[in-house]
Amino acid sequence: MRRVLPAPLLSLALFVLWLVLARSASVGQLIIATIVAVAMPLLAAPLLPLRPRIRRPGTLARLILRVGGDVVVSSFIVARGALRRSDRLPGGRFVRMPLELRDPHAIAALATITTVIPGTVWTELAGDRSWYVLHVFDLHEDQVDAFVARYKARYEHPLKEIFE
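For what it's worth, this note's numbering labels the leading residue of the sequence shown as 42, then goes sequentially.
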């Protein structure tokens with residue numbers, strides 16, 4: 042069944058959408074809707090990413106809670122930094138970080154986590170996936186090593202447990 046309908050819910054949605062857009066349930070439209078509902082997922086199947094294999098769901102739950110908490114805390118820190126007087130401006134910095142992750146889903150999750158947390162933005166990934174660059178809102182030169190260690194421990198290592 043999966044060979045004919047690799048994504049049954051998508052096929053159903055396409056079938057219904059075709060009929061709604063055609064505003065007809067004639068025999069001809071039912072045939073076309075069936076062809077579209079079967080053909081489109083088959084043609085798109087090679088483009089769909091592989092399904093991730095999550096090895097530690099408990100670690101995933103803890104990571105989600107950690108990221109949620111970090112979003113709240115970082116929001117206040119960034120707001121305070123943006124609103125403070127101009128005598129001490131935030132020291133934004135690009136940080137090149139070695140990448141231990143190899144699973145594409147884990148790398149995508151790390152990039153998403155980075156971008157969701159206020160004050161950090163994922164800016165570059167090396168072609169060989171051996172390093173990436175982040176921009177950090179307020180980070181001084183003497184804090185870089187501590188930031189890298191903390192970031193890897195809080196996000197990259199749990200993702201490695203979850204996906205690899």
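Ideal placement from N, C-alpha and C gives every residue a C-beta, glycine not left out.
None of the values given here were measured: they were computed from a predicted structure.
Quiz item: Helix, strand or coil for Leu55 per DSSP?
Solution: Counting from one through the sequence shown, the residue named residue 55 turns up at place 14. Helix.
Quiz item: If you compare alpha carbons, which of Ala187, Leu104, Ala66 is closest to Thr153?
Solution: Here residue 153 corresponds to residue number 112 of the sequence shown, with the count starting at 1. Among Ala187, Leu104, Ala66, the Cα nearest to that of Thr153 is on Leu104.
Quiz item: To the nearest angstrom, how far is it from the Cα of Leu166 to the Cα of Tyr173?
Solution: Taking the sequence shown and counting its residues from 1, the one referred to as residue 166 is at position 125. Taking the sequence shown and counting its residues from 1, the one referred to as residue 173 is at position 132. The straight-line gap from Cα to Cα measures roughly 4 Å.
Quiz item: Could you give the residue range of the alpha helix (DSSP H) that holds His176?
Solution: Indexing the sequence shown from 1 puts residue 176 at position 135. Run containing His176: none in the alpha helix (DSSP H); it sits in the beta strand (DSSP E), 172-177.
Self-check item: Phe178 vs Val119 beta-carbon contact at 8 Å
Solution: To locate residue 178, count along the sequence shown from 1; it is residue 137. To locate residue 119, count along the sequence shown from 1; it is residue 78. Yes.
Practice problem: Please look up how many angstroms separate the CB atoms of Lys201 and Leu142, rounded, as I've assumed it's under 8 Å. | Solution: Counted from its first residue, the sequence shown places residue 201 at position 160. Counted from its first residue, the sequence shown places residue 142 at position 101. Correct: roughly 6 Å between the Cβ atoms.
Exercise. Determine, using beta carbons only, whether Leu58 and Pro82 come nearer to each other than 8 Å.
Key: In the sequence shown, residue 58 corresponds to position 17, counting from 1. In the sequence shown, residue 82 corresponds to position 41, counting from 1. Not a contact, by the Cβ cut-off of 8 Å.
Quiz item: Quick one: Cα of Asp186 to Cα of Ala78, how far?
Solution: As a working note, residue 186 is residue 145 in the sequence shown. As a working note, residue 78 is residue 37 in the sequence shown. Roughly 53 Å between the two C-alpha positions.
Exercise. Pick out the complete alpha helix (DSSP H) segments inside the region 70-131, 4 residues or longer, and give them in chain order.
Key: 98-124
Quiz item: When you compare only the Cα positions, how much space is there between Gly109 and Leu53?
Solution: Start at 1 with the first residue of the sequence shown, and residue 109 comes out as number 68. Start at 1 with the first residue of the sequence shown, and residue 53 comes out as number 12. Their Cα atoms are separated by approximately 35 Å.
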